[in-house]
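Asker:
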Amino acid sequence: MRVIQVKDYQEMSDVAADFLAGQIFHKPHSVLGLATGGTPEGTYKSFIQKARHKELPLSELTTFNLDEYEGLSPEHPNSYHMYMNEHLFQPLELSSTQTYLPKGDAENVEKEARRYEQMIQDHGGIDLQLLGIGENGHIGFNEPGTSFTSRTHVEHLKPTTREANARYFEKKEDVPERAITMGIATIMDSRSIILLASGDRKKQAVKKLVEEVRKEEFPASSLKIHPYVTIIADEAALSAVS
Ligand code: F6R
């Protein structure tokens, strides 16, 4: 794992956006894996500016998001569909035929997880996967204990994850209990991976990722044997690494 230390959230966002732009510049028909949450918001903002400025070719691009909450329709204000439309897809005018997320409101979510996994395979897999990291080490919604051989599946969210994400909902009870997420093996199949971390809140997770051994109790540690992982982290997120 390569670590790029940056000063702050803004620099992390700009560097990550450069990675995305570089990927698309060199391979316009790239398949990108995308994340939601607070961490990549700045990356998407910076990427939109770069894409407009450099006139990046986006018509052949395909994107697959990591996850979606169970039970939320694409129109639900807290769905990751909505998040992505607002933060990236609409500003760049990416069409719904090139941007994919799991359908959280599918009648049979287990079947939907299998369909989504198959769709990723059918598109030739992910070229560049963008990740955040949960304070408990989750990547996507793969919570501690998830098998490193897991494929896209339905995951029960830990209470700490639901609490961390409650800031986006009216009440914390509104945070769904389950989500469809790419599995660890799905993520590991990506040809390259960027993991972003910013702020004090992530420093223990980043320390574990960098310093501890690979184990299923800490999902992000799966990345340790991937040949092309770049961690882009700011000073605060790296402050506990010895
Ligand atoms: C989001 C995702 C999660 C987040 C993680 C960190 O699609 O898969 O793993 O990356 O929960 O969230 P933030 O960035 O809000 O701290």
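Last residue of the sequence shown? That's 257 in our numbering, and every number before it is there in order. Virtual Cβ for every residue (Gly too), placed ideally from N, Cα, C.
1) Quick check on F40: buried or exposed, where buried means 16 or more other Cβ atoms within 10 Å of its Cβ?
2) Grouping DSSP H, G and I as helix and E and B as strand, with all else coil, what is G48?
3) Taking 7 Å as the cut-off, is the CB of F156 close to at least one heavy atom of ligand 1?
4) Is N123 buried or exposed, if buried means 16 or more other CB atoms sit within 10 Å of its CB?
5) Closer than 7 Å to a non-hydrogen atom of ligand 1 - does that hold for the CB of T58?
6) Roughly how many whole angstroms lie between the Cα atoms of E226 and V256?
7) Based on the DSSP secondary-structure assignment, which residues constitute the bridge partners of F104?
8) Could you give the first and the last residue of the continuous beta strand (DSSP E) run that contains Q113?
9) V30 by DSSP, collapsed to three states: which one?
10) Can you tell me the Cα-Cα spacing of Y131 and R166, whole angstroms?
11) So is the beta-carbon of D82 under 7 Å away from any non-hydrogen atom of ligand 1?
12) Apart from the five residues on each side of it in sequence, which residues of its chain come closer than 7 Å, Cβ to Cβ, to F184?
13) Excluding sequence positions up to five away, which residues of its chain have a Cβ less than 7 Å from the Cβ of I154?
14) In chain order, what residues of the same chain lie with their CB nearer than 6 Å to the CB of L47, ignoring the 5 residues before and after it?
15) Cβ of G149 within 7 Å of any heavy atom in ligand 1?
16) Can you find a heavy atom of ligand 1 that lies under 7 Å from the Cβ of G198?
17) Enumerated in chain order, which unbroken segments of the alpha helix (DSSP H) with a length of 4 residues or greater are wholly contained in the segment 151-237?
18) Check whether the Cβ of A50 lies closer than 7 Å to any heavy atom of ligand 1, and answer yes or no.
19) So, A36 versus A66, is the Cβ gap smaller than 8 Å?
20) Tell me whether K187, by its Cβ, gets closer than 7 Å to a heavy atom of ligand 2.
21) For ligand 1, any of its heavy atoms closer than 7 Å to the Cβ of H153?
Answerer: The short version:
1) By the neighbour-count rule (16 or more Cβ atoms within 10 Å), F40 is not buried but exposed.
2) It is a strand residue.
3) It does: the Cβ of F156 is within 7 Å (strictly closer) of some heavy atom of ligand 1.
4) Result: exposed.
5) For ligand 1, not one heavy atom lies less than 7 Å from the Cβ of T58.
6) A straight-line Cα-Cα distance of about 8 Å links E226 and V256.
7) In the DSSP output, where bridge partners are listed per residue, F104 has none listed.
8) Boundaries for Q113: no beta strand (DSSP E) harbours it, and the DSSP string shows neither H nor E there.
9) Correct three-state label for V30: helix.
10) When rounded, the distance between both Cα atoms is 10 Å.
11) Yes.
12) Taken in chain order, the residues that qualify are N93, V190.
13) Cβ neighbours of I154 within its own chain (closer than 7 Å, five residues either side excluded): L146, I148, I202, P234, A235.
14) For L47, where only same-chain residues beyond five positions count, the Cβ hits under 6 Å are T78, L143.
15) Distances between the C-beta of G149 and the heavy atoms of ligand 1 include at least one below 7 Å.
16) G198 has its Cβ no nearer than 7 Å to any heavy atom of ligand 1.
17) 174-180, 199-203, 218-226, all fully within the segment 151-237.
18) Between ligand 1 and A50, a heavy atom-to-CB distance of less than 7 Å is present.
19) Against a cut-off of 8 Å, the Cβ pair of A66 and A36 comes out as a contact.
20) Ligands in the displayed structure: ligand 1; ligand 2 is not one of them.
21) Because some heavy atom of ligand 1 lies under 7 Å away, the Cβ of H153 counts as near it: yes.
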